[in-house]
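Okay, structure first, notes after.
Number of protein chains: 2
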Amino acid sequence: MRVLGVDPGLTRCGVGVVEGVAGRPLRMLGVGVVRTPADAELGDRLVAIERGIEAWLDEHRPEYVAVERVFSQHNVRTVMGTAQASAVAMLCAARRGLPVALHTPSEVKAAVTGNGRAEKDQVGAMVTRLLRLDAPPKPADAADALALAICHIWRAPAVNRLQQAHAAARASRIPVVRKVTR
Amino acid sequence: MRVLGVDPGLTRCGVGVVEGVAGRPLRMLGVGVVRTPADAELGDRLVAIERGIEAWLDEHRPEYVAVERVFSQHNVRTVMGTAQASAVAMLCAARRGLPVALHTPSEVKAAVTGNGRAEKDQVGAMVTRLLRLDAPPKPADAADALALAICHIWRAPAVNRLQQAHAAARASRIPVVRKVTR
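Protein chains in written order, with full-length UniProt numbering: chain A, 1 to 182; chain B, 1 to 182.
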């Protein structure tokens with residue numbers, strides 16, 4: 001199972017690809033960050049994120065995309081940008097018929113550290129250990145993207161198979177209703 | 001000046017195209033709603049919205065896209081979906097090099113009714129009058145999209161010209177920084 005994890009953000013969008021199955025050693029295929037300049041127009045930043053995510057999908061051909069679920073109780077100033085960046089990541093995946101899974105930050109922390117309230121450092125340390133890396137990936141967004149991918153591999157493989165079948169069936173018949181007058 | 005107004009939403013995304021210049025009678029070229037089923041996967045809903053917006057851009061070739069600015073103080077349950085739908089609309093516009101303008105609901109209401117706190121009915125009535133329609137467009141999302149387009153035509157034409165020049169200059173050099181380690 002090959003999973004692209006995405007920690008969405010307008011300024012730094014963490015991305016990481018992990019391959020493996022639950023109960024076996026995992027392998028990291030790539031990790032990085034898609035960055036967009038804070039002074040650019042919002043529309044252009046979204047286009048830059050789309051290009052970045054597309055490049056990662058092209059290069060690594062994941063079978064699943066796991067995106068952090070955005071909550072509105074977070075910092076009000078950044079949550080809108082995070083929601084918009086996550087929309088672009090979900091759009092890129094769904095356009096290819098890839099199943100998209102959303103995991104909350106606490107689900108991810110619980111999956112990789114056993115504690116849903118773990119600190120950033122602890123998540124980075126466990127990602128480093130689980131993927132047998134030499135050092136924790138930097139910045140934290142990159143480590144979080146890998147943690148998302150690991151979390152997805154470990155959570156509910158049966159649910160994944162079901163979701164993948166549904167996604168394939170739906171890919172050819174996404175409904176759009178338009179109404180034009182005049 | 002031809003403007004596509006977008007009132008973003010996952011279930012109903014209002015779209016309306018208006019042509020004209022400030023100080024002259026305006027003309028509606030089209031109005032409608034892009035709908036997605038509430039029980040579909042979020043990624044697929046975003047793909048359906050992308051297809052819908054693209055179809056409107058293809059058909060009407062607007063020079064500007066005006067999107068309602070989403071605030072997080074709105075209903076917390078719907079604001080995330082609204083932010084994600086607006087991201088798709090902005091992405092579609094920016095990908096074509098079209099300038100994207102964001103207007104707040106009160107700016108739109110003030111532009112078309114003179115009152116930033118006007119009711120939905122009043123906005124619908126003024127849109128009907130300004131565009132010389134037989135009846136207010138339904139649902140309200142469709143009327144709001146037309147109001148956004150009118151608001152954009154009437155607000156700051158000088159700012160538009162500047163923004164359009166910037167967008168054209170930027171379209172060819174959107175920066176994406178990627179970093180891959182392994």
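Where is the CB? At the ideal position from N, CA and C, for every residue including glycine.
Residue i and residue j look like a contact to me (Cβ under 8 Å); what is the Cβ gap, rounded to whole Å?
i, j, result
"GLY116 of chain B", "SER106 of chain B", "4 Å"
"ARG155 of chain B", "ALA111 of chain B", "6 Å"
"LEU6 of chain A", "CYS13 of chain A", "It should be pointed out that residue 6 of chain A corresponds to Val in this sequence rather than to Leu. Confirmed, Cβ separation roughly 7 Å."
"ILE49 of chain A", "VAL18 of chain A", "That belief does not hold up - the Cβ atoms of ILE49 of chain A and VAL18 of chain A are roughly 21 Å apart, past 8 Å."
"PRO137 of chain B", "GLU68 of chain B", "Going by Cβ atoms, the distance from PRO137 of chain B to GLU68 of chain B rounds to 16 Å, so no, they are not a contact pair."
Assign residue i to buried or exposed, taking buried as 16 or more other Cβ atoms, counted over all protein chains shown, within 10 Å of its Cβ.
i, result
"VAL21 of chain A", "exposed"
"VAL177 of chain B", "At VAL177 of chain B, the pLDDT of 43 sits below 50, so the modelled position is not reliable and the matter cannot be decided from this model."
"LYS109 of chain A", "buried"
"GLU63 of chain A", "exposed"
"GLY95 of chain A", "The sequence given here has Arg at residue 95 of chain A, not Gly. Counting Cβ neighbours within 10 Å, ARG95 of chain A comes out buried, since at least 16 surround it."
"ARG45 of chain B", "buried"
"ASP134 of chain B", "exposed"
"ASP144 of chain A", "buried"
"ALA149 of chain A", "buried"
"ALA147 of chain B", "buried"
Just the Cα atoms here: how many angstroms apart are residue i and residue j?
i, j, result
"ARG24 of chain B", "ARG35 of chain B", "33 Å"
"LEU42 of chain B", "MET90 of chain A", "8 Å"
"ALA85 of chain B", "MET80 of chain A", "11 Å"
"ILE53 of chain A", "LEU98 of chain A", "13 Å"
"GLY124 of chain A", "ASP141 of chain B", "45 Å"
"VAL70 of chain A", "GLU59 of chain B", "34 Å"
"LYS120 of chain B", "VAL47 of chain A", "33 Å"
"ALA66 of chain A", "ALA169 of chain A", "20 Å"
"GLY30 of chain B", "LEU131 of chain B", "11 Å"
"ALA83 of chain B", "LEU102 of chain B", "12 Å"
"ALA93 of chain B", "ARG129 of chain B", "28 Å"
"TRP56 of chain A", "THR11 of chain A", "17 Å"
"LEU139 of chain A", "ARG27 of chain B", "Looking at the sequence provided, one finds Pro at residue 139 of chain A rather than Leu. Straight-line Cα distance between these residues: approximately 51 Å."
"GLY16 of chain A", "ASP39 of chain A", "26 Å"
"MET1 of chain A", "ILE153 of chain A", "7 Å"
"ARG182 of chain B", "GLY32 of chain A", "Note that ARG182 of chain B scores a pLDDT of 42, beneath 50, so its modelled location is shaky and nothing firm can be said."
"MET126 of chain B", "ALA165 of chain B", "32 Å"
"CYS151 of chain A", "ARG61 of chain A", "19 Å"
"ARG51 of chain B", "GLN122 of chain A", "42 Å"
"PRO37 of chain B", "PRO37 of chain A", "35 Å"
"VAL100 of chain B", "VAL100 of chain A", "28 Å"
"THR104 of chain A", "THR78 of chain B", "18 Å"
Would you mind reading off the limits of the alpha helix (DSSP H) that contains residue i?
i, result
"ALA55 of chain A", "42-60"
I need the boundaries of the beta strand (DSSP E) containing residue i, first residue and last residue.
i, result
"GLU19 of chain B", "12-19"
"LEU29 of chain B", "27-35"
"GLY5 of chain B", "2-7"
"GLU63 of chain A", "Counting along the chain, GLU63 of chain A falls outside any beta strand (DSSP E), and DSSP gives it neither H nor E."
Looking at residue i and the ligand ATP, is the gap between the Cβ and the nearest heavy atom below 7 Å?
i, result
"ARG132 of chain A", "Ligands are entirely absent from the displayed structure, and the ligand ATP is therefore not among its contents."
Would you say residue i reaches chain E, if we count a Cβ-Cβ gap shorter than 8 Å as a contact?
i, result
"ALA165 of chain A", "In the structure shown, chain E cannot be found, because the protein chains are A and B."
What are the start and end residues of each continuous alpha helix (DSSP H) run of 4 or more residues lying completely inside the region 71-153 of chain A, in chain order? 76-95, 105-113 and 120-130
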